[in-house]
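*Asks:* Using the UniProt record's numbering, you'd call the opening residue of the sequence shown number 1 and step up by one each time. Got a structure for you, questions after.
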Amino acid sequence: MRKIYIFDTTLRDGEQSPGVNLNMQEKVEIALQLEKLGVDRIEAGFPAASPGDLAGVNAVARAVKNATIVGLSRSRTQDIDAVREALKDAQDPCIHLFLASSPIHRKHKLRMEKHQVLEAAEAAIRYAKQYFSKVEFSPEDAGRTELDFLCEVTEMAIRAGATVVNIPDTVGYLTPYEYGNIFKTLKENVNGIEKIQLSAHCHDDLGMATANALAAILNGADQIEGTINGIGERAGNTAIEEVALALETRQDFFQAKTGLVLSEIARTSRLVSKLTGMPVPGNKAIVGANAFAHESGIHQDGMLKEKTTYEIMSPETIGLKESKLTLGKLSGRHAFREKLVDLGYDLGDEQLNTAFGKFKALADKKKNVTDEDILALIEEKLIET
Ligand code: KIV
Ligand code: ZN
Numbered sequence: 001m002r003k004i005y006i007f008d009t010t011l012r013d014g015e016q017s018p019g020v021n022l023n024m025q026e027k028v029e030i031a032l033q034l035e036k037l038g039v040d041r042i043e044a045g046f047p048a049a050s051p052g053d054l055a056g057v058n059a060v061a062r063a064v065k066n067a068t069i070v071g072l073s074r075s076r077t078q079d080i081d082a083v084r085e086a087l088k089d090a091q092d093p094c095i096h097l098f099l100a101s102s103p104i105h106r107k108h109k110l111r112m113e114k115h116q117v118l119e120a121a122e123a124a125i126r127y128a129k130q131y132f133s134k135v136e137f138s139p140e141d142a143g144r145t146e147l148d149f150l151c152e153v154t155e156m157a158i159r160a161g162a163t164v165v166n167i168p169d170t171v172g173y174l175t176p177y178e179y180g181n182i183f184k185t186l187k188e189n190v191n192g193i194e195k196i197q198l199s200a201h202c203h204d205d206l207g208m209a210t211a212n213a214l215a216a217i218l219n220g221a222d223q224i225e226g227t228i229n230g231i232g233e234r235a236g237n238t239a240i241e242e243v244a245l246a247l248e249t250r251q252d253f254f255q256a257k258t259g260l261v262l263s264e265i266a267r268t269s270r271l272v273s274k275l276t277g278m279p280v281p282g283n284k285a286i287v288g289a290n291a292f293a294h295e296s297g298i299h300q301d302g303m304l305k306e307k308t309t310y311e312i313m314s315p316e317t318i319g320l321k322e323s324k325l326t327l328g329k330l331s332g333r334h335a336f337r338e339k340l341v342d343l344g345y346d347l348g349d350e351q352l353n354t355a356f357g358k359f360k361a362l363a364d365k366k367k368n369v370t371d372e373d374i375l376a377l378i379e380e381k382l383i384e385t
């Protein structure tokens, strides 16, 4: 089974979510939980962005022992020096350099020709290489870069000493077919590609970040970059928990696995949501409150007979106790009886019928019928009889 490395950027790209600002203690708390989750690399921040971010990255570098700690840097010496300072205490440091490569960015943002991009990136990689054995290089907006130029940039990065080349779909523009094809093309055409790891970094503007990351894996990516709960700039990044569970649940298809401790996923998701103040939508895959909840009577009946009828993975895998059978107007007698047994009531058929009728009447008026509602209904029923 091929191992896929997980590069977590919750503390960097995730922190770029509008409204999110993590202080040093919060960064360390999340990083320690990411270490428990077993991510391979933690991008702790962008040290040149502010003294506070430099201090935050340094605090993470001192606290975490079992993951590579990464600092982001533009392709300029002041930024690289800031990462050196921030990572001076890291056991296993890595610098992540980036420079845009797409025609749109070259023309409007950088005002640079192709050869200038190649020269600036090469100089930055060579400078960083004097201080870091691990250097990742990202041609920003790789997704909208001419494929032949992307091959040229990748080959330059390898020659200059990069150990990982990351392919960001910075604006979440590509389809899985196109993104997968970039990896295939790089693998087939770039000299020295076998010496480095290829990494995927996707954004979710068109809702394809996870699908694109999986397409990259199918075409030879060694590393996936993403965030917990998929938070990040604009519509967010690839959700790490989605990639991990897709690989786990469909091992037959992907033949690849992460090294994550999957039972830490729910806890990590809750912590990130709490400290970033970003609630997880109920219907969010894997970690949403409804991801293992069943509402309709037909589904609940199936679940009570055999869970695999409606669940392709179990909540225990990600560290949750059990699936939820939510009671509402679509629920059936089978789920209602199970709920009563859970609450300590084993009613005879006649009492059950009457209670079920009352429950349905209540469920027509109220979206979520709680345990307290059911207890009140049963107590009322028992007093009447
Ligand atoms: O999306 C992006 O291009 C990035 C780079 C800095 C890797 O986050
Ligand atoms: Zn990004």
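C-beta: ideal position from N, C-alpha, C; glycine also. Quantities reported herein were computed from a predicted structural model and do not represent experimental measurements.
(1) So, helix, strand or coil for Ala293, using DSSP?
(2) For Lys114, list the residues DSSP reports as bridge partners.
(3) Among Ala162, Leu362, Asp92, which has the Cα closest to the Cα of Ala123?
(4) Quick one: does the C-beta of Glu233 sit closer than 7 Å to a heavy atom of the ligand ZN?
(5) Restricting to Cα atoms, I'd like to know which of Val190, Glu15, Glu248 is closest to Lys275.
(6) Between the C-alpha atoms of Asp373 and Asp204, what's the straight-line distance to the nearest angstrom?
(7) For residue 387, verify whether its CB is less than 7 Å away from any heavy atom of the ligand KIV.
(8) Taking a contact to mean a Cβ-Cβ separation below 8 Å, would you say Leu99 touches Ala82 in this structure?
(9) Name the two residues that bound the continuous beta strand (DSSP E) containing Asn166.
(10) Straight-line CA distance for Tyr177 to Pro279?
(11) Taking Glu379 as the reference, which of Ala355, Ala361, Pro18, Asn368 has the closest Cα?
(12) Using a Cβ-Cβ cut-off of 8 Å (strictly less than) and excluding sequence neighbours within five positions of Leu340, which residues of its own chain qualify?
(13) With a cut-off of 8 Å on the beta carbons, I'd call Thr326 and Ala293 a contact; round off their distance for me.
(14) Looking only at its chain, what residues have a beta carbon closer than 6 Å to the beta carbon of Thr185, apart from the 5 residues adjacent to it on each side?
(15) Would you check whether the ligand ZN has a heavy atom nearer than 7 Å to the C-beta of Thr145?
(16) So, helix, strand or coil for Lys129, using DSSP?
(17) Counting only beta-carbon atoms, is Asp373 nearer than 8 Å to chain D?
*Replies:* Taking the geometry as given:
(1) The answer is strand: DSSP assigns Ala293 an E or B state.
(2) Beta-bridge analysis with DSSP links Lys114 to no other residue.
(3) By alpha-carbon distance to Ala123, the top candidate from Ala162, Leu362, Asp92 is Ala162.
(4) Checking every heavy atom of the ligand ZN against the Cβ of Glu233, one is found closer than 7 Å.
(5) Note that residue 275 corresponds to Leu in the displayed sequence, not to Lys. Answer by Cα proximity: Glu15.
(6) If I take the Cα positions, the gap works out to 40 Å.
(7) Outside the modelled stretch of the chain, which goes from 1 to 385, sits residue 387, for which no answer is possible.
(8) The beta carbons of Leu99 and Ala82 sit no closer together than 8 Å.
(9) In the DSSP assignment, Asn166 falls within the unbroken beta strand (DSSP E) covering 164-169.
(10) Taking the straight line from one Cα to the other gives about 31 Å.
(11) Looking at the Cα atoms, Ala355 is the closest of the given residues.
(12) These residues qualify, in order along the chain: Asp346, Leu347, Leu352, Ala355, Ile374, Ile378.
(13) A Cβ-Cβ separation of about 5 Å places Thr326 in contact with Ala293 under the 8 Å criterion.
(14) When the five nearest sequence neighbours on each side are left out, the beta carbons in the same chain lying within less than 6 Å of the beta carbon of Thr185 are those of Leu147, in order along the chain.
(15) Every heavy atom of the ligand ZN is 7 Å or more from the Cβ of Thr145, so no.
(16) Three-state result, Lys129: helix.
(17) Within the model displayed, chain D is absent; a lone protein chain is all it includes.
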